[in-house]
Amino acid sequence: MAEELIQREMPGAAESKTLRRPQDALFCNMELPLRGTFFPLGYPVEILTNDYGVLKAAHESFGHAQFMRMATTLQLRFGVSHEGGYECPAEPTRREFGHLYSLVADVSNQSLLDLRTCISFTWLTRAAVKNRLYFRLNFLEKVVYLLLGASVVTDLHAACVSKNGKGILIFGDSGAGKSTIAYGCARAGWTYTSDDTSYLINGSNPPRVIGHAHRARFRPTAKSLFPELECRELTPRLEGKPSIEVPTSELPIRSTSAEAAINCIVYLARHSSTSARLTALPRGTATQRACQELYSAGEIRAKHEEILGCLSEIPTYELEYSDLNDAIQALDLLARSGESNGIPLSDSSQSRV
């Protein structure tokens, strides 16, 4: 019996059987003949794959960006196999140790990243890639922005708008109104850069950020503030809070810019009933708070914390408000101020509007 089993595995014993080398199970020699170059945040990223669905998804995620910044091209590999089930896998679990990062949905759908060298490989099943939204949100965009965040930018949970050439970075807790105020400013003639996520360009002096100026996202409650959103449906998403996502080209926004220089920083504090009030915050507040909100860990986090030191010298304020229009007027004071270091404050270090 044993001899028979051995004979079955011997070359030529069964012509119908396809022989596979042991290392083939590792997919280490998977051919990736399809290539495409995209520009998320303006940085060149080359994607190598063996499935056209990966390139179609990349076009949906990054096709809006054509401007190329001077940077070394990142190269990402996405191998798609016929193995695995026919069901879309679960949301991947994320883990990080030092400069190593993993996204694992199951044994057939996972990404491995080296954040120090920016080398990555993603193995997926056709079922995962076929569900375009799942693939984009859980693997494609996460891998791209993780590698960009480890090399050229530091992501901030902040909105950004500009007026009179002055960029204002708007921080705040979830629900504080970052997206609403950013869009409200844009409707009033400001230049729109981002709603709730901005990317600080590492080493920029003065500090500059990049944003997703091509789209705006809103909470469902924003329909009560902006009539143009009344007929908009919720955007399908696999994670996060329900939102409405709209291309800025379809909104009453006259000016957008993917990049902005930061002249001042504002932290939102929304209350149920209060007059809009700007209060100057101590030097270094922005760096301290931004470091606390970092998603990175290990040596990448240490790198980001050092980079965020550039925010310490930027004038920083707290904006207490309850009414959207009052808040926009308060920000207008910052933009119209002739002082390069922010608005002139009273002896009590407060300015009321």
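Heads up, the sequence shown is in my numbering, so the first residue is 176 and it goes up one at a time. Idealized CB from N, CA, C, for every residue including glycine.
Give me, in chain order, the residues of the same chain whose beta-carbon lies closer than 6 Å to that of residue i; leave out the 5 immediate sequence neighbours on both sides.
i    : result
G386 : C335, T368, S369 and S373
A510 : K338, N339 and K341
A480 : Inspection of the sequence shows that residue 480 is occupied by Glu rather than by Ala. Correct list, in chain order: C466.
T268 : V279
E271 : A472
T248 : P219 and E221
S326 : C293
C485 : P382
Which residues in the same chain as residue i place their Cβ atom closer than 8 Å to its Cβ, once the five residues preceding and following it in sequence are excluded?
i    : result
D498 : A451
L409 : P395, P417, S418 and I419
K231 : R307
H234 : G211 and F213
L209 : L223, T224, N225, D226, Y227, V229 and L230
With 16 as the cutoff for other CB atoms within 10 Å, does residue i come out buried or exposed?
i    : result
S448 : exposed
E403 : exposed
Y227 : exposed
P264 : buried
I359 : Here residue 359 is Gly; the residue named in the question, Ile, does not match the sequence. So G359 counts as buried.
K353 : buried
D330 : buried
P457 : exposed
D348 : exposed
T355 : buried
Y309 : buried
S515 : In this prediction, S515 scores a pLDDT of 36, lower than 50, which makes its location untrustworthy; the coordinate-derived value is nonetheless stated afterwards. Per the 10 Å Cβ criterion, exposed.
C406 : exposed
R392 : buried
R429 : exposed
S295 : buried
E262 : exposed
L494 : buried
L275 : exposed
State yes or no: is the C-beta of residue i within less than 8 Å of the C-beta of residue j?
i    : j    : result
R244 : G211 : no
A351 : L443 : yes
G324 : E474 : no
T292 : V255 : no
A302 : R383 : no
I440 : I376 : no
S286 : V318 : yes
E420 : R394 : no
Q250 : E221 : yes
R476 : L469 : yes
V304 : V229 : yes
L453 : A388 : no
S432 : G459 : no
L290 : L321 : yes
F346 : R464 : yes
I437 : L344 : yes
E316 : S236 : yes
Y492 : A455 : yes
A397 : I503 : no
Would you please verify whether the beta carbon of residue i is less than 8 Å from any beta carbon of chain C?
i    : result
S512 : The chain labelled as chain C is not found in the depicted structure, where only one protein chain is given.
Check the DSSP bridge columns for residue i and list the partner residues they point to.
i    : result
P411 : Partner(s): none; P411 has no beta bridge.
V421 : A391
P487 : According to the sequence shown, residue 487 is Ser rather than Pro. None; S487 has no bridge partner.
F272 : L275
K341 : K338
Y248 : One point to set straight first is that residue 248 is Thr, not Tyr, in the sequence displayed. In the DSSP output, where bridge partners are listed per residue, T248 has none listed.
T212 : E221
S369 : C335
V229 : In the DSSP output, where bridge partners are listed per residue, V229 has none listed.
V255 : L299
L509 : The partner list for L509 (beta bridge, DSSP) is empty, contrary to what the question assumes.
D281 : N284
I376 : V328
L494 : L443 and L453
With a CB to CB cut of under 7 Å and the five nearest residues on each side skipped, what residues in its chain are close to residue i?
i    : result
Q241 : F214
H257 : R301
P422 : H389 and R390
L426 : A391 and E403
Check your understanding: What are the uninterrupted segments assigned as alpha helix (DSSP H) that are 4 or more residues long and contained completely in the segment 284-338, given in chain order?
Key -> 301-305, 307-310 and 316-326
Check your understanding: Which parts of the segment 428-474 are runs of the alpha helix (DSSP H), unbroken and 4 residues or longer, counting only runs that do not cross its ends?
Key -> 460-467
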